[in-house]
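Residues in the sequence shown are numbered from 54 upward in steps of one, following the working numbering.
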Amino acid sequence: MDNELGYELGTWVVTQIQSPDRPTQSTFSLLGREWDLLPEVFPPYTDPGPGLFASWVPYERGTRFLELGCGAGIAAVLAAQHGAARVLATDINPAAVENARRNAERHGVTDRFTALTSDLFDALDPDERLDTVFWNTPFIEAPANRPYAGHIERAVFDPGYGLVNRFFRDVVRHLAPDGRIYLGTSEAMGNPFKMLRAADEAGFEGKRLRTESVELPAADFGDSPVVEAHTDERGIVHMDFTLYEFRRR
Numbered sequence: 054m055d056n057e058l059g060y061e062l063g064t065w066v067v068t069q070i071q072s073p074d075r076p077t078q079s080t081f082s083l084l085g086r087e088w089d090l091l092p093e094v095f096p097p098y099t100d101p102g103p104g105l106f107a108s109w110v111p112y113e114r115g116t117r118f119l120e121l122g123c124g125a126g127i128a129a130v131l132a133a134q135h136g137a138a139r140v141l142a143t144d145i146n147p148a149a150v151e152n153a154r155r156n157a158e159r160h161g162v163t164d165r166f167t168a169l170t171s172d173l174f175d176a177l178d179p180d181e182r183l184d185t186v187f188w189n190t191p192f193i194e195a196p197a198n199r200p201y202a203g204h205i206e207r208a209v210f211d212p213g214y215g216l217v218n219r220f221f222r223d224v225v226r227h228l229a230p231d232g233r234i235y236l237g238t239s240e241a242m243g244n245p246f247k248m249l250r251a252a253d254e255a256g257f258e259g260k261r262l263r264t265e266s267v268e269l270p271a272a273d274f275g276d277s278p279v280v281e282a283h284t285d286e287r288g289i290v291h292m293d294f295t296l297y298e299f300r301r302r
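Listed below in structure tokens is the structure:
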């Protein structure tokens, strides 16, 4: 594990989401739309990342689109609304799959929308071909031997970046020759070096498509020496959310 700050912040996020004192919401607003949210699903309003990434992905009419680790299914619904011919939304969390189905129904796109419970690409038909694959990765690198304690942690942590490595090994079987991959991450909180290395080893080249900086008050994270070491003179921790694009070399 190379990024102590990312791991500290990821642990804080999980603690906040799972706190019994946290107010629960069955719906939320994002990107000018209303969305359903089930209790066992990562709340996309927790940080700016889900909204930014979903708004940055280039959606094209007539394409075959997959949102991996879909959660509430925001990007998958947007792809369908923008005219994708076939949309898949997959997640290892069955509650997230049901959540994505509900949001497809809420927004009237069920005619071209399929949601599947899947560990990465495992549930896809071997012959499934995709033009666009989007994944808001669990970009917080955890120790390689760290077990998951529930699906919220799966949405946040990637132990040893094993998921990212497996993603690039497996995506080649499903991506169309001219297909594109879009991965949401953070250069401050994640490990883009390991992500780019995994892509290169699998025959992909990547580039930073868009990024947005975020300033967070260090006091929000309590008395943390790790956070304090990354705090500027104004008491601010500088974060980012960054979308990478990958294509075959």
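We put the CB at the ideal spot given by N, CA and C, even for glycine.
Burial state of residue i, where buried means 16 or more other Cβ atoms lie within 10 Å
i      : result
Glu258 : exposed
His291 : exposed
Ala125 : buried
Pro73  : exposed
Gly288 : exposed
Gly256 : exposed
Asp184 : buried
Gly59  : buried
Ala107 : buried
Pro191 : buried
Pro97  : buried
Glu61  : buried
Gly136 : exposed
Gly215 : exposed
Pro245 : buried
Pro230 : exposed
Residue j beta carbon less than 9 Å from that of residue i
i      : j      : result
Ala148 : Cys123 : no
Gly213 : Arg182 : no
Ile205 : Phe118 : no
Phe347 : Arg226 : Not covered by the structure: residue 347. The range shown for the chain is 54 to 302.
Tyr297 : Lys260 : yes
Arg207 : Ile127 : no
His160 : Ala133 : yes
Trp65  : Glu120 : no
Thr163 : Ala138 : no
Leu228 : Arg301 : yes
Ile294 : Pro76  : Strictly speaking, residue 294 in this sequence is Phe, with Ile absent from that position. Cβ atoms of Phe294 and Pro76: not closer than 9 Å.
Gly252 : Phe221 : Looking at the sequence shown, residue 252 is not Gly but Ala. Yes, Cβ-Cβ distance for Ala252 and Phe221 is below 9 Å.
Glu265 : Leu105 : yes
Gly203 : Gln69  : no
Beta-bridge partners of residue i, as assigned by DSSP
i      : result
Val186 : Leu119 and Ile234
Lys260 : Glu298
Pro212 : Ala195
Met292 : Val267
Leu305 : Lying before the first or after the last residue shown, residue 305 is absent from the chain, which here runs from 54 to 302.
Glu87  : Ser82
Leu228 : Leu183
Thr284 : Val290
Rounded distance between the beta-carbons of residue j and residue i, thought under 8 Å
i      : j      : result
Val130 : Ala157 : 6 Å
Ala271 : Val279 : With a Cβ gap of about 10 Å, Ala271 and Val279 do not count as contacting.
Thr80  : Trp88  : 6 Å
Asp211 : Val217 : 6 Å
Val209 : Val67  : 6 Å
Contact test: residue i Cβ vs the ligand COA heavy atom, cutoff 8 Å
i      : result
Ala272 : Ligands displayed in this structure: none; no statement on the ligand COA is therefore possible.
Check your understanding: Between the segment 72–85 and the segment 192–200, do three or more beta carbon pairs fall short of 8 Å?
Key -> Too few Cβ pairs lie closer than 8 Å, so no.
Check your understanding: Can we say the segment 158–171 touches the segment 99–113, given the rule of at least three CB pairs closer than 8 Å?
Key -> Contact between the segment 158–171 and the segment 99–113 is absent, because fewer than three Cβ pairs lie under 8 Å.
Practice item. Decide if the segment 238–250 is in contact with the segment 150–158; the criterion is three or more beta carbon pairs, one per stretch, under 8 Å apart. Key: The segment 238–250 vs the segment 150–158: no contact.
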